[in-house]
Amino acid sequence: MKGRSDWLKVCPVYAFDTICINQNRHGIGTKSRHASCDHFLISNGGEKIFQKKIATEAHMKISTISLVVPAFNEGEKIYDNLAEMLHAANQANLANDSACAFELIVVDDGSADNTAEEVARLAISDTRVRCISLTRNFGKEAAIHAGLANALGDAVVVLDGDLQHPPALISQMLTFWRQGAFVVEAIKVEDPQKNGSNNRILANGFYSLFQRFSELDLRGHSDFKLLDRLVVDAYLALPEKLRFFRGIVTWLNYPSAQIPFSVPERAGGASKWNKLKLLAYAFNNISSFSSTPLKLVSLLGVFTLSFGAVIGTISLLQKFQGKSIDGFTTVNLLIIIIGGAILLSLGIIGHYIARIYDEVKARPSYMIKPKKSDKQ
Ligand code: UDP
Ligand code: MG
C-alpha cells in the first residue's frame, strides 16, 4: 500500500500543492483541462492503485477554487497571512476528503510598501499564488472586482489579507457549497464587549439607514463570502462601476448559507479606514442602492408649501384685521410661494434624475432562481 508521499510523486492531481501544474501556467484547470490532466496522468503512471483511483474519479470533476485577497499596504504580514490561507486550503482538502485545485489571487491595491514584493516572494515557492497589481489605490471594492474578474475558479472565496476573515472557515464554506448553496456568507457575530465602541454605533446606524432606504438587511454581513461561478458571472455582468460587493451579492439573492464567526484582531498593520473615509463609503453605498434621498426633496417641497399655506392664511387674516405691519404679508407670501415652488420643482426633477440613475445602473429587472443542476 502506498503512503501519501508516494502518492504525491506518482499522481500530481492528488498532490495538494501541485494540482494540475502541467496543465496551465496558473497550475489550475477547467473541466476540459482536468480531463486532459487525467489522460496525462494515466499515460504517465502505470500503477494499478493509481489507475483505479483515476477510473473511479475520471468522470468526477475536480473543482477549482479561487481565493481572492484585496491587499493595501499589508507588506508587514502578508507573506505569513497568505501562507496561513494556503495551509487552510490544504486542510479544507483533507477535511472534505476531496481534491480541489486552489489558486490564490492577491490584488495589490496600489500599495506604497513591499506588499507586491512579498506576494512575488511567495509565488516563487508556490505556483498557486498570483499577484495582480493595480496602478494606484482604487479602494477595496475595485480590488475585489479586479480579483473576481481574474478568478478562474468554479467557486471564489473573497477574504481580507489581515486574517480578520478566518481562513479556517474555507473548509466549511466548501461543504455548504457542495451541498447546494450558491453563496456562502460569513456573518459577523457581535462581540458584546465591542458593542459600545464608536465604530460599532456608526456601523449600526449605517445598516439601519441602508435597510430603510434599500430594503436590504446587511446587518452582520462581511465581504468574506464564497460565490459559485454562476454568481460571480452574474456579479461581473452588471455594468455599474461604483460597486458595493456585500450589497450587490445580497441584492442578487441566490440561494445562500450562513456561517457565523467572530472577527479576530488584525494580524499585522492597521485598518485602512478612517471616520471620513467610512462616512464617504456609507454615503456612496446608500446612494448606489436607493434614489430615495433624491425623492425626499419633493416631499420637502410639499411640506414647505403646506406649512406656507397655513402661515400665508394667518398673515392674510392679520392683514384684513389690520393687525399686520405694512408690506409684511406680501413679503411673507412671496417667500412661501417661491420657496415651496422651487423645492417642489427640484423634487420633480429629482424624480426624473432618479429614473435616469436607475436606468444607467442597468441592473436586471429580474434574476432567475438557479436549479441545483446549474451549479459548477
Ligand atoms: N484594502 C484594500 N484597499 C483599500 C483598503 C483596504 O484592498 O483601499 C484591503 C486591506 O488590505 C484588507 C481589506 O481590504 O485586506 C480590509 O481592510 P481593513 O482591514 O483596513 O478594513 P477593516 O477590517 O478595518 O474593515
Ligand atoms: Mg481588517
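Just so you know, the sequence shown maps onto residues 1170 to 1545 in the working numbering.
A virtual CB, placed ideally from N, CA and C, is assigned to each residue, including glycine.
Q) Of the residues Y1404, A1350, S1514, which one's Cα is nearest the Cα of P1533? A) Start at 1 with the first residue of the sequence shown, and residue 1533 comes out as number 364. It is Y1404 whose Cα lies nearest to the Cα of P1533.
**Q.** Per DSSP, cross-strand counterpart(s) of T1498
**A.** Here residue 1498 refers to the residue found at position 329 when the sequence shown is read from its first residue. According to DSSP, residue pairing for T1498 in a beta bridge does not occur.
Q. When burial is assigned at 16 or more other CB atoms within 10 Å of the CB, is K1309 buried or exposed?
A. Position 140 of the sequence shown, counted from the first residue, corresponds to residue 1309. Classification of K1309: buried, given that the 10 Å Cβ count is 16 or more.
Q | Start-to-end residues for the alpha helix (DSSP H) that takes in R1297 | A | By 1-based counting over the sequence shown, the position of residue 1297 is 128. That residue, R1297, is in no alpha helix (DSSP H); it is neither H nor E in DSSP.
Q. Would the beta-carbon of G1565 fall within 9 Å of that of G1481?
A. Coverage of the chain is limited to positions 1170 through 1545, which leaves residue 1565 absent and any answer about it impossible.
Q | Neighbourhood of E1253 by C-beta distance below 7 Å, restricted to the same chain and skipping five residues each side | A | Locating residue 1253 in the sequence shown gives position 84, where the first residue counts as 1. Taken in chain order, the residues that qualify are L1332, P1336.
Q. If you count every other CB in all the chains shown that lies within 10 Å of the CB of M1536, and 16 or more means buried, which is it?
A. Walking along the sequence shown from the start, residue 1536 turns up at place 367. M1536 should be labelled exposed.
Q) Is there contact here, the region 1413-1432 with the region 1485-1505, by at least three beta-carbon pairs under 8 Å? A) no
(Q) Which same chain residues end up closer than 6 Å to S1493 when comparing Cβ atoms and leaving out the 5 residues on each side of it in sequence? (A) Start at 1 with the first residue of the sequence shown, and residue 1493 comes out as number 324. Answer for S1493: Q1487, listed in chain order.
Q. Which residue comes first and which comes last in the beta strand (DSSP E) that contains E1310?
A. Working through the sequence shown from its first residue, we reach residue 1310 at position 141. Counting along the chain, E1310 falls outside any beta strand (DSSP E), though it belongs to the alpha helix (DSSP H) covering 1309-1319.
Q) Is F1430 near the ligand UDP, going by C-beta to nearest heavy atom under 8 Å? A) Locating residue 1430 in the sequence shown gives position 261, counting from the first residue. No; taking the cut-off as 8 Å, the Cβ of F1430 has no heavy atom of the ligand UDP nearer than that.
Q.
What ranges does the beta strand (DSSP E) occupy inside the region 1313-1399, keeping only unbroken runs of at least 3 residues that lie completely in it?
A. Within the region 1313-1399, the complete beta strand (DSSP E) runs of at least 3 residues fall at 1324-1327, 1352-1357, 1390-1397.
Q.
At a cut-off of 8 Å, would you count Q1333 as near the ligand MG, judging by its Cβ distance to the nearest heavy atom?
A. Position 164 of the sequence shown, counting from 1, holds the residue named residue 1333. Yes, the ligand MG has a heavy atom inside 8 Å of this Cβ.
Q.
Please return the same chain residues whose Cβ sits closer than 6 Å to the Cβ of A1449, not counting the five positions on each side in sequence.
A. The residue given as residue 1449 occupies position 280 in the sequence shown. If we look at A1449 and ignore the five residues flanking it on each side, it has no Cβ neighbours.
Q. For I1483, does the count of other Cβ atoms within 10 angstroms reach 16, so buried, or fall short, so exposed?
A. Taking the sequence shown and counting its residues from 1, the one referred to as residue 1483 is at position 314. That one is exposed.
Q | Beta-bridge partners of S1235, as assigned by DSSP | A | Within the sequence shown, numbered from 1, the residue matching residue 1235 stands at position 66. According to DSSP, which records beta bridges pairwise, S1235 is partnered with E1272, V1325.
Q. Going straight from the alpha carbon of I1211 to that of I1231, what length do you get?
A. As a working mapping, residue 1211 is identified with position 42 in the sequence shown. As a working mapping, residue 1231 is identified with position 62 in the sequence shown. In this predicted model, I1211 has a pLDDT of only 29, less than 50, meaning its place in the structure is not dependable enough to derive any value.
Q.
Quick check on this structure: which residue in D1249, E1409, G1316, N1368 has the alpha carbon closest to the alpha carbon of K1444?
A. As a first step, residue 1444 is located in the sequence shown; it is residue number 275 there, counting from the start. Nearest to K1444 by alpha-carbon distance, out of D1249, E1409, G1316, N1368, is N1368.
(Q) Helix, strand or coil for D1543? Go by DSSP, reduced to three states. (A) Translated into positions along the sequence shown, residue 1543 becomes position 374. Three-state result, D1543: helix.
Q: Starting from the Cα of L1150, find the closest Cα among S1514, P1239, Q1260 and give me that residue.
A: The chain is shown only over 1170 to 1545; residue 1150 falls outside these bounds and no answer can be derived.
Q | A1451 to V1358 span [Cα, whole Å] | A | Taking the sequence shown and counting its residues from 1, the one referred to as residue 1451 is at position 282. Taking the sequence shown and counting its residues from 1, the one referred to as residue 1358 is at position 189. A1451 and V1358: Cα-Cα distance of roughly 21 Å.
Q.
Output needed for N1283: all residues of its chain with C-beta closer than 8 Å, excluding positions within five of it in sequence on either side, in chain order.
A. By one-based count along the sequence shown, residue 1283 stands at place 114. Here the set comprises G1244.
Q | Whole-Å CB distance - F1351 paired with S1467, under 8 Å assumed | A | Here the question's residue 1351 lines up with position 182 in the sequence shown. Here the question's residue 1467 lines up with position 298 in the sequence shown. Between S1467 and F1351 the Cβ distance is about 39 Å, and since that is not below 8 Å, they are no contact.
Q.
Using DSSP's beta-bridge definition, name the partner residues of S1425.
A. Along the sequence shown, one-based indexing puts residue 1425 at 256. Paired residue(s): V1352.
Q: Determine which residues share a DSSP beta bridge with F1430 and list them.
A: If you number the sequence shown from 1, residue 1430 lands on position 261. DSSP, once it has assigned bridges, lists K1357 as partnering F1430.
Q. Are the CB atoms of A1324 and L1338 nearer to each other than 9 Å?
A. One-based indexing of the sequence shown puts residue 1324 at position 155. One-based indexing of the sequence shown puts residue 1338 at position 169. Taking 9 Å as the Cβ cut-off, A1324 and L1338 do not qualify as a contacting pair.
Q) Near W1148, which residues of its chain fall below 7 Å by C-beta distance, leaving aside the five closest residues on each side in sequence? A) No statement about residue 1148 is possible, as the shown extent of the chain runs from 1170 to 1545 and does not include it.
Q.
Below 8 Å, is the gap between the Cβ of S1366 and the nearest heavy atom of the ligand MG?
A. To locate residue 1366, count along the sequence shown from 1; it is residue 197. False, no ligand heavy atom lies under 8 Å from that Cβ.
Q) Relative to the alpha-carbon of S1235, which residue among K1410, V1326, G1519, S1542 has its alpha-carbon at the smallest distance? A) Residue numbering aside, residue 1235 sits at position 66 when the sequence shown is read from its first letter. Considering only alpha carbons, the answer is V1326.
Q: State yes or no: is the C-beta of N1265 within less than 9 Å of the C-beta of L1343?
A: The residue labelled residue 1265 in the question sits at position 96 within the sequence shown. The residue labelled residue 1343 in the question sits at position 174 within the sequence shown. Result yes, Cβ atoms of N1265 and L1343 sit closer than 9 Å.
(Q) My assumption, with CB atoms under 8 Å, is that C1269 sits in contact with A1285. Please give the rounded CB distance. (A) Within the sequence shown, the letter at position 100 stands for residue 1269. Within the sequence shown, the letter at position 116 stands for residue 1285. Contact between C1269 and A1285 is ruled out by a C-beta separation of about 26 Å, above the 8 Å threshold.
(Q) Please tell me whether I1522 and S1460 are closer than 9 Å, where the distance is taken between their beta carbons. (A) On the sequence shown, residue 1522 is found 353 positions in, with the first residue counted as 1. On the sequence shown, residue 1460 is found 291 positions in, with the first residue counted as 1. The answer is yes: Cβ separation under 9 Å.
Q) With D1397 and F1414 assumed to form a contact (beta carbons below 8 Å), what rounded beta-carbon distance in angstroms separates them? A) Against the sequence shown, residue 1397 aligns to sequence position 228. Against the sequence shown, residue 1414 aligns to sequence position 245. Their Cβ separation, rounded to whole angstroms, is 15 Å, which puts D1397 and F1414 out of contact at 8 Å.
Q | For D1527, the three-state DSSP class (helix, strand or coil) | A | Taking the sequence shown and counting its residues from 1, the one referred to as residue 1527 is at position 358. D1527: helix per DSSP, three-state reduction.
(Q) Under 7 Å, CB to any heavy atom of the ligand UDP. Which residues pass, going along the chain? (A) V1238, P1239, A1240, F1241, N1242, E1243, V1276, D1278, N1306, G1308, K1309, A1312, D1329, G1330, D1331, Q1333, R1435, S1440, K1441, W1442
Q.
Taking 7 Å as the limit between beta carbons, can you name the residues of its chain near N1501, skipping five residues before and five after?
A. Within the sequence shown, numbered from 1, the residue matching residue 1501 stands at position 332. I1480, G1481, S1484.
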